[in-house]
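Working notes, beginning with the structure itself.
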Amino acid sequence: MSKTATCESVLGLPVLKKADVEELRSVFQKYATVEKDGEHYMTPRDFVIKYLGIEKEDADPTTLNLLAGVVDETKDGLISFVEFQAFESLLCSPDALYLLAFQLFDSNGNGFVSYDEFKSVMSQTRIHQHIPFDWEGEFCKMYFGWDKKKDLSYAEFTQLLQSLAYEHARVAFRVRDKNKNGFITALDFSDIMITVRKHMLTPFVEENLVSLVGGKQVSFPYFTGLNHLLSSMELVKKIYRQVAGHNPKAEITREEFLIAAQKVSQVTPLEVDILFHLCDLISPTGRITYEAIERIAPLEEGTLPYEMVEAQRRKEGPQQNRGFLVQFAESGYRFFLGGIAGGCGATAVYPIDLVKTRLQNQRSGSYVGELMYKNSFDCFRKVIRHEGFMGLYSGLVPQLMGVAPEKAIKLTVNDLVRDKFTNKNGEIILPAEMLAGGCVSCMSISECLLDFAVHREEILDNCVLCVKSRVMQQFIKI
1259 MSKTATCESV
1269 LGLPVLKKAD
1279 VEELRSVFQK
1289 YATVEKDGEH
1299 YMTPRDFVIK
1309 YLGIEKEDAD
1319 PTTLNLLAGV
1329 VDETKDGLIS
1339 FVEFQAFESL
1349 LCSPDALYLL
1359 AFQLFDSNGN
1369 GFVSYDEFKS
1379 VMSQTRIHQH
1389 IPFDWEGEFC
1399 KMYFGWDKKK
1409 DLSYAEFTQL
1419 LQSLAYEHAR
1429 VAFRVRDKNK
1439 NGFITALDFS
1449 DIMITVRKHM
1459 LTPFVEENLV
1469 SLVGGKQVSF
1479 PYFTGLNHLL
1489 SSMELVKKIY
1499 RQVAGHNPKA
1509 EITREEFLIA
1519 AQKVSQVTPL
1529 EVDILFHLCD
1539 LISPTGRITY
1549 EAIERIAPLE
1559 EGTLPYEMVE
1569 AQRRKEGPQQ
1579 NRGFLVQFAE
1589 SGYRFFLGGI
1599 AGGCGATAVY
1609 PIDLVKTRLQ
1619 NQRSGSYVGE
1629 LMYKNSFDCF
1639 RKVIRHEGFM
1649 GLYSGLVPQL
1659 MGVAPEKAIK
1669 LTVNDLVRDK
1679 FTNKNGEIIL
1689 PAEMLAGGCV
1699 SCMSISECLL
1709 DFAVHREEIL
1719 DNCVLCVKSR
1729 VMQQFIKI
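First residue of the sequence shown? That's 1259 in this note's numbering, and the numbers climb one at a time after it.
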């Protein structure tokens, strides 16, 4: 009989795009090894080892059951397709990380996390085994009550989870503070950070933990300042962008960063000192760059759930909203604007072209007095005197009919090529810009070839007409 586990009341509306049901079913059946009453099921080993591939074949059965319990909502040791589908929906939720953790700790599936469940799961982690957590401290008493009888709802559990890493780091600092003077050694500092806060460390920061403190003892304020800084790197990036503007390569001084940081009041001067010290380990200039911040930031942009949602929206947005008709209309709009730009340019310089053309077309004789125009200024003056101001624009319409489409095509091709090679941040590499310019040049060459073909045809037609006329004249004379 099929199990009917659902997660609608917990998940709410999914944000990320869900997989096709048939494709999801084919994936499930690929790893399901148990068949019962005509239904296929996954075992914890199937799900954790074969499907997820996060444990070895000789993994502890308790660990397998614990991890598979995130999907096995009925806690019967088997995962049905309905539960697998519900797990996929959970991953599509914007708070998927917290939901996964909640289901991991909610071992009996009653929708609450008790003190015993919390302690049971935490005791099996490598972090606790390396640096034991304080179960009798005020942290557990404040969340679960002094008698440890209070159960946490999902919302309450998320806040506990947010504070847990800081609390474990604080407990570890207290344990390693042998002299009880508020200091730990550089090696203990490195060990705590790598054990408790490893998920917040980039390879660069992890390798330079001892160098960061200069091999000296580390105070508790410095320890908490570094932890808070690593948790606030997205805010640090935001402050940097406010100072640097649209220049991602700008170098910012400590004073400039502090002035901008005062507006948010969430980054302390000590944290700013730690930030600049880390950046000096990369490049000892006394300034920070966005590239240096990225080497320190614990999570790259696009890896957090809400950023994954925004990344997918940006990725799918152009494909879903900019169909063929929209792109065609956009190209037509650009063509129209290009024609207007070409027309404005041709209109602005047309008086100069008219003066140039009239000077070129006048016949030069033996004496200067035989010339109609002495120079450009004389031509300009005589045109206005004899034809008026509008005489400078006589013959403008044919010129616009030739220039406007030409400029429109060039600008449209340039924008089209640039769009294809512009990334999501609005940046385009130099070779792509050169390619766009080359495509515009190719359009100019094709126009020249077309003009040459047209003029050659006109010349040939005129030659044939001339021969015909000459033959007809000779025939009439005969």
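Even for Gly, the Cβ is constructed at its ideal location relative to N, Cα and C.
Computed from a prediction, not measured in an experiment: that's the story for all the values here.
message: Check this for me: beta carbons of Asn1466 and Leu1539, under 9 Å apart or not?
response: In the sequence shown, residue 1466 corresponds to position 208, counting from 1. In the sequence shown, residue 1539 corresponds to position 281, counting from 1. The answer is yes: Cβ separation under 9 Å.
field: Other residues of its chain near Leu1536: CB distance less than 6 Å, five sequence neighbours each side excluded
entry: As a position in the sequence shown, residue 1536 is number 278, starting the count at 1. Same-chain partners within the cutoff: Ile1554.
Cβ shell of Glu1509 (< 6 Å), same chain only, five flanking positions each side left out: In the sequence shown, the residue the question calls residue 1509 occupies position 251. Cβ within range, chain order: Arg1545 and Thr1547.
message: Spatial neighbours of Ala1290 within its chain, please: C-beta separation below 7 Å, excluding the five flanking residues on both sides.
response: Taking the first residue of the sequence shown as 1, we reach residue 1290 at position 32. So the qualifying residues of the chain are His1298, Tyr1299, Met1300 and Asp1304.
- prompt: What's the gap between the Cα of Met1380 and the Cα of Val1530?
  reply: Here residue 1380 refers to the residue found at position 122 of the sequence shown. Here residue 1530 refers to the residue found at position 272 of the sequence shown. Approximately 33 Å, taken between the alpha carbons.
- request: Select from Ser1421, Leu1493 and Val1454 the residue whose C-alpha is nearest the C-alpha of Leu1533.
  value: For this step, residue 1533 is matched to residue 275 along the sequence shown. Nearest C-alpha to Leu1533: Leu1493.
- prompt: Under the rule that 16 or more other beta-carbon atoms within 10 Å means buried, what is Gly1597, buried or exposed?
  reply: The residue labelled residue 1597 in the question sits at position 339 within the sequence shown. By the neighbour-count rule (16 or more Cβ atoms within 10 Å), Gly1597 is buried.
query: What do you get for Tyr1591, buried or exposed, if any count of 16 or more other CB atoms within 10 angstroms of its CB means buried?
result: Here residue 1591 corresponds to residue number 333 of the sequence shown, with the count starting at 1. Exposed: under 16 other Cβ atoms inside 10 Å.
- request: Could you say which of Ala1326, Leu1654 and Pro1302 lies nearest to Asp1611 if we only look at CA atoms?
  value: In the sequence shown, residue 1611 corresponds to position 353, counting from 1. The residue with the shortest Cα to Cα distance from Asp1611 is Leu1654.
- request: Tell me whether Ala1606 is buried or exposed, calling it buried when 16 or more other Cβ atoms sit within 10 Å of its Cβ.
  value: The residue labelled residue 1606 in the question sits at position 348 within the sequence shown. So Ala1606 counts as exposed.
- prompt: Once you ignore the five residues that flank Leu1282 on each side, which residues in its own chain have a CB closer than 7 Å to its CB?
  reply: Start at 1 with the first residue of the sequence shown, and residue 1282 comes out as number 24. Answer for Leu1282: Gln1343 and Glu1346, listed in chain order.
message: 9 Å is my cut-off, CB to CB: does Glu1396 come that close to chain C?
response: Of the chains in the structure shown, none is chain C; there is only one protein chain.
task: Give the secondary structure of Asp1364 by DSSP, where H, G and I count as helix, E and B as strand, and everything else as coil.
output: As a first step, residue 1364 is located in the sequence shown; it is residue number 106 there, counting from the start. DSSP places Asp1364 in coil when its eight states are reduced to three.
query: Name the DSSP bridge partner or partners of Val1476?
result: As a working note, residue 1476 is residue 218 in the sequence shown. In the DSSP output, where bridge partners are listed per residue, Val1476 has Ile1442.
- prompt: Got a sec? Which residues, its chain only, sit under 7 Å from Thr1680 by beta carbon, not counting five neighbours each side?
  reply: The count along the sequence shown starts at 1 and reaches residue 1680 at position 422. So the qualifying residues of the chain are Ile1686.
- request: Compute the Euclidean distance between the alpha carbons of Pro1689 and Val1675, then round it to the nearest angstrom.
  value: Here residue 1689 refers to the residue found at position 431 of the sequence shown. Here residue 1675 refers to the residue found at position 417 of the sequence shown. Pro1689 and Val1675: Cα-Cα distance of roughly 12 Å.
message: Given this structure, state the Cα-to-Cα distance separating Gln1420 from Leu1355, to the nearest angstrom.
response: The sequence position of residue 1420 within the sequence shown is 162, counting from 1. The sequence position of residue 1355 within the sequence shown is 97, counting from 1. Approximately 11 Å, taken between the alpha carbons.
- request: Could you check which residue in Arg1432, Ala1423, Gly1403 and Glu1552 has the C-alpha nearest to that of Thr1460?
  value: The sequence position of residue 1460 within the sequence shown is 202, counting from 1. For Thr1460, the nearest C-alpha among the options comes from Glu1552.
query: Is Ile1385 closer than 9 Å to Val1433 when the C-beta atoms are compared?
result: Here residue 1433 corresponds to residue number 175 of the sequence shown, with the count starting at 1. Here residue 1385 corresponds to residue number 127 of the sequence shown, with the count starting at 1. For Val1433 and Ile1385, no; Cβs fall outside 9 Å.
- request: Locate the alpha helix (DSSP H) running through Lys1521, then write down its first and last residues.
  value: As a working note, residue 1521 is residue 263 in the sequence shown. Where Lys1521 is concerned, there is no enclosing alpha helix (DSSP H), given that its DSSP letter is neither H nor E.
task: State the DSSP-derived secondary structure class of His1644, mapped to helix, strand or coil.
output: As a first step, residue 1644 is located in the sequence shown; it is residue number 386 there, counting from the start. His1644 falls in the helix class under three-state DSSP.
- prompt: When burial is assigned at 16 or more other CB atoms within 10 Å of the CB, is Val1584 buried or exposed?
  reply: Numbered from 1 along the sequence shown, position 326 holds the residue referred to as residue 1584. Looking at its Cβ environment, which holds fewer than 16 other Cβ atoms inside 10 Å, Val1584 is exposed.
message: Could you compute how far the alpha carbon of Met1692 sits from the alpha carbon of Ser1699?
response: Here residue 1692 is taken as the residue at index 434 of the sequence shown, counted from 1. Here residue 1699 is taken as the residue at index 441 of the sequence shown, counted from 1. The straight-line gap from Cα to Cα measures roughly 10 Å.
query: So Arg1616 and Tyr1631 are in contact, right, with Cβ under 8 Å, and what is the actual spacing, rounded?
result: Looking up residue 1616 in the sequence shown gives position 358. Looking up residue 1631 in the sequence shown gives position 373. Correct: roughly 7 Å between the Cβ atoms.
task: Using three-state DSSP, classify His1504 as helix, strand or coil.
output: Your numbering for residue 1504 matches position 246 in the sequence shown. If DSSP states are grouped into helix, strand and coil, His1504 belongs with coil.
- prompt: Anyone know if the C-beta pair for Asp1278 and Pro1302 falls short of 9 Å?
  reply: Counted from its first residue, the sequence shown places residue 1278 at position 20. Counted from its first residue, the sequence shown places residue 1302 at position 44. Not in contact: Asp1278 and Pro1302 (Cβ atoms no closer than 9 Å).
Limits of the beta strand (DSSP E) - the one that His1298 falls within: One-based indexing of the sequence shown puts residue 1298 at position 40. Its beta strand (DSSP E) spans residues Glu1297 to Tyr1299.
task: Can you grab the Cα-Cα spacing for the pair Pro1663 / Gly1600, in whole Å?
output: For the purposes of this step, residue 1663 is taken as residue 405 along the sequence shown, with counting starting at 1. For the purposes of this step, residue 1600 is taken as residue 342 along the sequence shown, with counting starting at 1. Rounded to the nearest angstrom, the two C-alpha atoms are 8 Å apart.
- request: Report yes or no: do three or more beta-carbon pairs, one from the region 1411-1420 and one from the region 1351-1366, lie closer than 8 Å?
  value: yes
message: Tell me the residue span of the beta strand (DSSP E) that contains Glu1293.
response: Counting from one through the sequence shown, the residue named residue 1293 turns up at place 35. Run containing Glu1293: Val1292 to Lys1294, per the beta strand (DSSP E) assignment.
task: Could you spell out where the alpha helix (DSSP H) holding Thr1320 opens and where it closes?
output: As a working note, residue 1320 is residue 62 in the sequence shown. Where Thr1320 is concerned, the enclosing alpha helix (DSSP H) stretches over Pro1319 to Ala1326.
task: Could you give the DSSP three-state label for Leu1410: helix, strand or coil?
output: As a first step, residue 1410 is located in the sequence shown; it is residue number 152 there, counting from the start. In this structure, Leu1410 counts as strand in the three-state DSSP scheme.
task: Take the Cβ of Phe1586 as the centre, count every other Cβ of all protein chains shown within 10 Å, and call the residue buried at 16 or more, exposed below.
output: Here the question's residue 1586 lines up with position 328 in the sequence shown. Label assigned to Phe1586: exposed.
field: Of the listed residues Ile1442, Ala1550, Pro1390 and Lys1507, nearest to Val1476 (C-alpha basis)
entry: Along the sequence shown, one-based indexing puts residue 1476 at 218. Ranking Ile1442, Ala1550, Pro1390 and Lys1507 by Cα distance to Val1476 puts Ile1442 first.
field: Alpha-carbon spacing of Ile1497 relative to Ala1518, whole angstroms
entry: Here residue 1497 is taken as the residue at index 239 of the sequence shown, counted from 1. Here residue 1518 is taken as the residue at index 260 of the sequence shown, counted from 1. Going from the Cα of Ile1497 to the Cα of Ala1518 covers about 6 Å.
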